[in-house]
Amino acid sequence: MKKILLTLSFLFALAGIGISQISLRADNLTSTVEITRPANTTSYTALDAIASSSTAPTNLIFTSITRSGGLSGYITSAIIVTDQNSCTSRFRLHVFTSTVTAINDNAAYTYSYANNSIRVGTITFDACSTEGSGSTAAYSVNTTIRLPFKIPSGSSLYGLLETVDSFTPASGQKFFIQLNIDSN
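Residue numbers (my numbering): 18 to 201.
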């Protein structure tokens, strides 16, 4: 886009057409959330939801992802970190432009047709890994995404977390998720 505008500006200048100002602005923003799962070690089966509660879950809320409401952008990369250093599971983050009905922790993740109009897409994280024997966390990074979004109002995206693999969690295990965004 920037190259197109610069080329147009150059061509207009050659043709003697005045342009008072061409403005191109993209902000690189970061938004994070942290979730603490319930205080139990009940094993997850593949494709279960991971939430803060098994009775009253809430959406993950990624705030300040645009300069102002109604704007668009792209999720360009994401990272998930957990405080269980032995965790080697894969995870999937479902992203929406509005809140959706959250799914109880350790219940099967269910795809709702009613959410299609607000679904941005999914971000799948490869198996988590750790660095060295003294590490206190495991993580996975996805740098191959470019999910476009347009927010109708506000400046937040919403998410639900799902495990792709079966695993046994730590009691009160924490998950930190960071989205890196090019905001238009």
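Where is the CB? At the ideal position from N, CA and C, for every residue including glycine.
Because the structure is a prediction, the values reported are computed rather than measured.
- Taking a C-beta distance under 9 Å as the contact criterion, F142 and R109 qualify as a contact pair.
- 9 Å or more divides the Cβ of V112 from the Cβ of F193.
- Across the structure, R84 and R54 are spaced so that their CA atoms are roughly 31 Å apart.
- By the criterion of a C-beta distance shorter than 7 Å, Q190 is surrounded in its chain by R54, T99, D100 and Q101, once the five residues flanking it on both sides are discounted.
- In the displayed model, Y128 falls within coil according to three-state DSSP, outside both helix and strand.
- Just measuring C-alpha positions, the residue of S70, S157, D122 and S115 sitting nearest L64 is D122.
- Contact check for S89 and T185: beta-carbon distance about 40 Å, past the 8 Å limit, so the pair fails to qualify.
- With respect to the C-alpha of L178, the residue from T93, S48, P74 and S94 having the closest C-alpha is P74.
- In terms of CA proximity to A187, A154 leads the group P169, S173, S172 and A154.
- A144 has its alpha-carbon roughly 24 Å from the corresponding atom of S71.
- Beta-bridge partners of P165 (DSSP): Y91.
- In this structure, I198 lies near L46, with their beta-carbon atoms less than 9 Å apart.
- Under DSSP, the beta-bridge partners assigned to V158 are I96.
- By the neighbour-count criterion, in which 16 or more other beta carbons inside 10 Å mark a residue as buried, G149 falls on the exposed side.
- Within the same chain, V117 and T118 come within 8 Å of S129 by CB-CB distance, once the 5 residues on both sides are set aside.
- By the criterion of a C-beta distance shorter than 6 Å, Y91 is surrounded in its chain by R163, P165 and D199, once the five residues flanking it on both sides are discounted.
- Between the C-alpha atoms of N201 and D44 there is a straight-line separation of about 7 Å.
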